[in-house]
Amino acid sequence: MTTFHVIAAATYWLLIVMWTFILVFYIIRIRRQRLNNALFTTLIVILAIDAFRTLFESIYFGAWYSALAGVLPKYICDFLEQPGAVLIPKLFNVIVAALIILILLRRWIPEEEKELQEQQNREHNLQQEVAMRTSALESTNEQLRREIVEHTHVQEALRKSEERLARTEEFSLVMATRVALDGRWLKVPPTLCQLLGYDEKDLLSQSFKAVTHPDDFEKDWQQCQRLIRGDIQSFELEKRYIHRDGHLVWVYLNCSVVKDEEGKPLHFLTYIRDITDRKRIEQEHQQLADELLHA
Numbered sequence: 095m096t097t098f099h100v101i102a103a104a105t106y107w108l109l110i111v112m113w114t115f116i117l118v119f120y121i122i123r124i125r126r127q128r129l130n131n132a133l134f135t136t137l138i139v140i141l142a143i144d145a146f147r148t149l150f151e152s153i154y155f156g157a158w159y160s161a162l163a164g165v166l167p168k169y170i171c172d173f174l175e176q177p178g179a180v181l182i183p184k185l186f187n188v189i190v191a192a193l194i195i196l197i198l199l200r201r202w203i204p205e206e207e208k209e210l211q212e213q214q215n216r217e218h219n220l221q222q223e224v225a226m227r228t229s230a231l232e233s234t235n236e237q238l239r240r241e242i243v244e245h246t247h248v249q250e251a252l253r254k255s256e257e258r259l260a261r262t263e264e265f266s267l268v269m270a271t272r273v274a275l276d277g278r279w280l281k282v283p284p285t286l287c288q289l290l291g292y293d294e295k296d297l298l299s300q301s302f303k304a305v306t307h308p309d310d311f312e313k314d315w316q317q318c319q320r321l322i323r324g325d326i327q328s329f330e331l332e333k334r335y336i337h338r339d340g341h342l343v344w345v346y347l348n349c350s351v352v353k354d355e356e357g358k359p360l361h362f363l364t365y366i367r368d369i370t371d372r373k374r375i376e377q378e379h380q381q382l383a384d385e386l387l388h389a
């Protein structure tokens, strides 16, 4: 027994432990069947076979050097030194190499060609899908372009219509106003400003409650709430505004609510007509009738 034989035997037994661990690792991975890629599975099988070959060689030479070192019986060394036994690792290498070549020819190359074909099919399908989506996108863009042009024409027509309406309202005896749902003025014609003695800026900075007679506001506001709830479509009433200098202005008022596409109220649309002269005449007639009655 020499130191070299001991070191050689220890080295081979260490290799046996390491290659046993590697082989067990490969076998566990194969048995778990968690590898979805056939080529990768084939590669693991080849590596496992090669690990088994290396383990076999390590066992062969580990037993030989252990026998030379006196760790194992001497007849093991005598058997392994025979010419026929020496050929065992070489023959095993040839068998393993032939098995690996067979796996490459029967499994690796066909699977590689199959994956290549599948990849080409996926690329072809992807190109077709991209072409279809591109065509659909171009069609959608064209439709969107037409809708934008149509929408632009509608917006222009609406703008011109609103300009004509604004010019009409400016000189109309019937005053059209827009009022927010909380009572703030949103749009007032010049005739209403003149009627109440306020500038447009002054009216737009406050609500209609500020210029409504206190005795008339509650009745007006209750009707507005009914409009918001959808209880009624419109209402009309006679009410009193308070002019900036303090005198009363009687008006006839017709109010409805403007809604969006979903039916949600946006603002009130109110048409106002000055009836102060009519109210004054009615009051004078009433006073005259009372005087005749008591004469």
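Residue numbers (the working numbering): 95 to 389. By construction, the Cβ of each residue, glycine as well, lies at the ideal position given by its N, Cα and C atoms. Bear in mind that the values here come from a model prediction, so they are computed numbers and not experimental data.
CA-CA distance, residue i and residue j?
i: tyrosine 106; j: glycine 156; result: 5 Å
i: glutamate 250; j: lysine 281; result: 21 Å
i: threonine 306; j: cysteine 349; result: 15 Å
i: alanine 274; j: lysine 373; result: 29 Å
i: serine 229; j: aspartate 144; result: 54 Å
i: isoleucine 82; j: histidine 361; result: The structure shown has nothing for residue 82, since the chain only spans 95 to 389.
i: leucine 297; j: isoleucine 326; result: 27 Å
i: isoleucine 101; j: arginine 201; result: 41 Å
i: tryptophan 113; j: glutamine 221; result: 47 Å
i: histidine 218; j: phenylalanine 186; result: 46 Å
i: serine 233; j: glutamate 205; result: 41 Å
i: lysine 303; j: alanine 383; result: 34 Å
Just to confirm, is the Cβ distance from residue i to residue j under 9 Å?
i: proline 283; j: threonine 271; result: yes
i: valine 190; j: phenylalanine 146; result: yes
i: isoleucine 110; j: leucine 162; result: no
i: proline 359; j: isoleucine 322; result: yes
i: leucine 331; j: glutamine 319; result: no
i: tryptophan 315; j: glycine 277; result: yes
Figure out for me which residue from the options has the closest Cα to the Cα of residue i.
i: threonine 136; options: Arg125, Pro167, Leu198; result: Leu198
i: leucine 347; options: Gly357, Ser328, Leu386; result: Ser328
i: lysine 333; options: Gln381, Arg323, Asp310; result: Asp310
i: methionine 269; options: Thr364, Phe115, Ile242; result: Thr364
i: glutamate 212; options: Leu193, Pro359, Ala132; result: Ala132
i: isoleucine 138; options: Pro177, His99, Ile194; result: Ile194
i: tryptophan 158; options: His99, Arg123, Glu205, Glu209; result: His99
If you run the structure through DSSP and keep just helix, strand and coil, what is residue i?
i: isoleucine 366; result: strand
i: lysine 39; result: For the chain, the structure presents residues 95 to 389; residue 39 sits outside this window and is missing.
i: valine 352; result: strand
i: lysine 295; result: helix
i: proline 308; result: helix
i: leucine 342; result: strand
i: leucine 275; result: coil
i: valine 243; result: helix
**Study point:** Whole runs of the alpha helix (DSSP H) within the segment 310-338, excluding any shorter than 4 residues
**Key:** none
Review point. Which full runs of the beta strand (DSSP E) of 3+ residues lie inside the segment 159-204, going along the chain?
Key: Runs found: none.
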